[in-house]
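Q:
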Amino acid sequence: MSRQQPASPHVDHLLLTLGLSVSLLAPLLLGVGPATPDPSPPAPDDSTGAQIHTERTGDRLRVQGVFVSEDASADTLHYELSLRRSGATGTTQTTQSGSFAAGPGRADTLSTTQVNVQSGDTLILHLRVRRSETPIDSARVRRTIR
């Protein structure tokens, strides 16, 4: 197997200095990423709106639906957090919903639930936030448990 020489030795040196490789950068440059991104913690630029946080301890996965309001006015909003886990032991599905008073700049934990997971399980999480019937924001996570 032969190694292809870089177009510019300066680019190769820069990548090595930064600890990056072309195999890591190619998906980013092409606009594709991993099929199942890790949902927690939220990305630094995603600090407002609907968020799904997860924390795994052994075979238990804790799921939290969170909403951070950027709106300066307090408002009553509605949420729905759905969870679906499927795998070798079967399928489980649950939905939790309710109303909450959003405050400016405040993080509200809307719902917390737990589910047993094992390697190979597929997990789909969806949080929807709306004002009356108007969608405000949503977050969705699809992940295979490792």
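Numbered per our numbering, the sequence shown spans residues 594 to 739.
Glycine is no exception: its CB is placed at the ideal position from the N, C-alpha and C atoms.
None of the values given here were measured: they were computed from a predicted structure.
Are there 16 or more other CB atoms within 10 angstroms of the CB of ASP668, so buried, or fewer, so exposed?
A: On the sequence shown, position 75 is the one that residue 668 refers to. Its Cβ having fewer than 16 others within 10 Å, ASP668 is exposed.
Q: Taking a contact to mean a Cβ-Cβ separation below 9 Å, would you say ARG653 touches ASN709 in this structure?
A: As a working note, residue 653 is residue 60 in the sequence shown. As a working note, residue 709 is residue 116 in the sequence shown. Their beta carbons are under 9 Å apart, which means ARG653 touches ASN709 by this criterion.
Q: With a threshold of 6 Å on Cβ separation, who are the neighbours of GLU648 within its own chain once the five nearest residues in sequence on each side are excluded?
A: By 1-based counting over the sequence shown, the position of residue 648 is 55. Here the set comprises ARG655.
Q: What alpha helix (DSSP H) runs, 4 residues minimum, are completely inside the stretch 712-737?
A: Segments of the alpha helix (DSSP H) lying fully in the stretch 712-737: there are none.
Q: THR685 bridges to which residues according to DSSP?
A: On the sequence shown, position 92 is the one that residue 685 refers to. The partner list for THR685 (beta bridge, DSSP) reads ARG678.
Q: Run through the DSSP bridge pairs and tell me what THR641 is partnered with.
A: Taking the first residue of the sequence shown as 1, we reach residue 641 at position 48. Partner(s): none; THR641 has no beta bridge.
Q: Under 9 Å, do GLY713 and ILE738 count as touching if we go by C-beta distance?
A: In the sequence shown, residue 713 corresponds to position 120, counting from 1. In the sequence shown, residue 738 corresponds to position 145, counting from 1. Yes, the pair counts as a contact, with Cβ atoms nearer than the cut-off.
Q: Beta-carbon within less than 6 Å of SER704's beta-carbon, same chain only, minus the 5 sequence neighbours each way: which residues are those?
A: By 1-based counting over the sequence shown, the position of residue 704 is 111. Taken in chain order, the residues that qualify are GLY658, LEU674 and GLN689.
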